[in-house]
Structures are given as C-alpha cells and as structure tokens.
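All letters in the sequence shown, in the order written, are residues 1 to 256 by this note's numbering.
For each residue, glycine too, the CB sits at the ideal point set by N, CA and C.
Quick caveat, the model's predicted, so the values are computed rather than measured.
Notes follow once the structure below has been shown.
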Amino acid sequence: MTMKNPSSRLVLALLLCGAAGVAHADGLADLRGALARLQGQAPLKASVQVRDWRRTGDGKDAKETQGQATIGLEDGPRGLQPLYGHELLARLDAESRAAVKDKSAKKPLSVVMSQLELDELRAMASAAPALQRAIDDAQFKSESADTLAGKPARRLVFEGSVDSLSESDRKYVRDMKLQLTLWIAADGTPLASQRHFDLSGRAFVVVSFEQHSDEQRGYAVVGDRLVATSDDEKGNAKGAGEAQEYHTERSLQVLP
C-alpha cells in the first residue's frame, strides 16, 4: 500500500519510533528476567584463585606487596563455605610467626586473603543477586547492539549517583561518578560487566580524599545459577597524606 498523505507518513514514523523505544527497553526487561531465573540454589563446588598486587606510599618510600592464593568453595544445603587447605594455613602461620620476630616483615599472603572476604565470594558464587542490587541502585541510561568475543551482544549502560551511598557517607562526598556497563545475550543472560568508579570528598574539614577503580567481570551459567568466573579490578586511592595503588584478579573454576 502506498501512502501519499504526508500526515500518514508522520504517523508511521511516530509508530516506528515508539516501536524502537519498546525494543530499546526490552534489554533491561530481559536482563531482569534472566537475573530472576538465575538465582538458583543448585550445589556448587569450585576453586577460587586470587592474585593481588599493591603499592602503598610514593617515591622511594613506597612499599609493594604481591602474592596469590587458592581456596576451595562450596555452596549447598549448609550454605556458602570457603575451604582453606592445610598448605595454605601453614603458609599463613609461618608468615605470622615471621612477623612476630620482625615487626617490619611483610605479610603478603594475609593481604591476599583479605581480598577473599565474604562479599567477594558471595558475588562470585551467586552473581545474580549482586547484579540485581547493582542495577536497582542505578539509573538505566542506554542500550545498543555490540559484540563480545566476536559474538553479538547487547550493551546496557547504567549510572549511579551519590544517592546510592549511606546518609552518613554522603556528607563527606563532594563528587562521585559510577558507570556500570553490562553485556547480555539475546535472552538477557549477563555475559560480562565493567564498572568505573570515581569518588572525591573531604572529611574533618582538612582531610581530602579521592578514589578511582575499574573492574571487569565475566559470567557463566552453572545449572540454575549465574557465577562470576573472573574479576579483574585496578584502582588507586589518596587521602590523609597516604596513597595506594592496587590490582586484584580473582577467578572461579567450577569443579565436578
């Protein structure tokens, strides 16, 4: 059918724009649907490895620590359980004994283990609830077609604001920028995410601080749950005359 009436063309254009808007919003709906169905409780056995490097201070006085560790992880009827091997515990004990004799001795393994706290392990073993909280606490900005590892994907962008902080923290923050980018499959399943975070402020009138971080995660579906198979975070912070840079890599391998 040929439409010669200009007003008809305008109506069609508006309808097409409206349809595009609906399709544009589908990515968020598909993501929410995927997160809802991937919060399963199927038993999980995995090993989690962490590598950590950080430098504290500036110039010749800067101190560096680096190390790595691997733990077991199980999630089942008894809940989430980290498993620390005998060899790892022996290394931690030896490090603590050395620190008793030499108060200036570094404790790199203890620093590494601090990067495997409960929040990190929960977010890796059951990634859907953590992602759900993240998008609930941010504003959806855009959706676009993209590729990931050479395959088609949808790219969703969210932005956070200072309102996501607690009331007690907000009074110290001068400026904050948070951008979360998610790549999802055709059915909404998360494939990867990237988070950029900048924060600056002042405490106790004279103490200024700033913090920056970039984090990338990869995801996989195991049974009825979403797991984070990789987590790579780099960042730095300054405040009260101190400075620190860090690079932490975590990986999760599912075991039979």
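Cβ-Cβ distance between residue i and residue j below 8 Å
i: residue 239; j: residue 209; result: yes
i: residue 157; j: residue 170; result: no
i: residue 69; j: residue 253; result: no
i: residue 201; j: residue 173; result: yes
i: residue 193; j: residue 229; result: no
i: residue 74; j: residue 88; result: no
i: residue 101; j: residue 65; result: no
i: residue 128; j: residue 191; result: no
i: residue 160; j: residue 182; result: no
i: residue 242; j: residue 51; result: no
i: residue 44; j: residue 130; result: no
i: residue 189; j: residue 221; result: yes
i: residue 54; j: residue 111; result: yes
Straight-line gap, residue i to residue j (C-alpha atoms, nearest Å)
i: residue 187; j: residue 30; result: 6 Å
i: residue 139; j: residue 33; result: 17 Å
i: residue 134; j: residue 123; result: 11 Å
i: residue 233; j: residue 26; result: 30 Å
i: residue 245; j: residue 224; result: 37 Å
i: residue 184; j: residue 152; result: 9 Å
i: residue 255; j: residue 35; result: 23 Å
i: residue 13; j: residue 132; result: Low confidence applies to residue 13: its pLDDT is 41, below 50, so where it sits in the model is not reliable enough to give any reading.
i: residue 211; j: residue 175; result: 11 Å
i: residue 215; j: residue 164; result: 18 Å
i: residue 247; j: residue 144; result: 30 Å
i: residue 59; j: residue 235; result: 18 Å
i: residue 48; j: residue 72; result: 6 Å
i: residue 99; j: residue 213; result: 31 Å
i: residue 237; j: residue 108; result: 19 Å
i: residue 155; j: residue 226; result: 18 Å
i: residue 120; j: residue 62; result: 27 Å
i: residue 114; j: residue 67; result: 12 Å
i: residue 141; j: residue 77; result: 39 Å
i: residue 79; j: residue 167; result: 32 Å
i: residue 85; j: residue 41; result: 25 Å
i: residue 180; j: residue 219; result: 15 Å
i: residue 28; j: residue 118; result: 28 Å
i: residue 103; j: residue 81; result: 33 Å
i: residue 148; j: residue 207; result: 42 Å
i: residue 116; j: residue 217; result: 15 Å
i: residue 91; j: residue 199; result: 36 Å
i: residue 57; j: residue 203; result: 20 Å
Contact with chain C by residue i, beta-carbon distance below 8 Å
i: residue 155; result: Absent here is chain C; the protein component of the structure consists of one chain.
DSSP bridge partner residues for residue i (one or two, in chain order)
i: residue 233; result: 215 and 248
i: residue 170; result: The partner list for residue 170 (beta bridge, DSSP) is empty, contrary to what the question assumes.
i: residue 41; result: Bridge partners of residue 41: none, in fact.
i: residue 175; result: 200
i: residue 256; result: Residue 256 is not bridged to any residue.
i: residue 220; result: 227
i: residue 195; result: 180 and 215
i: residue 239; result: 209 and 242
Exercise for the section: May I ask you to verify whether the segment 95-102 touches the segment 137-151, counting CB pairs closer than 8 Å and requiring at least 3? Expected result: no
Problem - Those runs of the beta strand (DSSP E) which lie wholly inside the segment 50-134 and span at least 3 residues - result: The segment 50-134 contains these whole beta strand (DSSP E) runs: 63-76 and 79-83.
Practice task
Let me know the beta strand (DSSP E) ranges lying completely inside the segment 141-167, each 3 residues or longer, listed in chain order.
Solution key: Counting only runs of 3 or more, we get 151-160.
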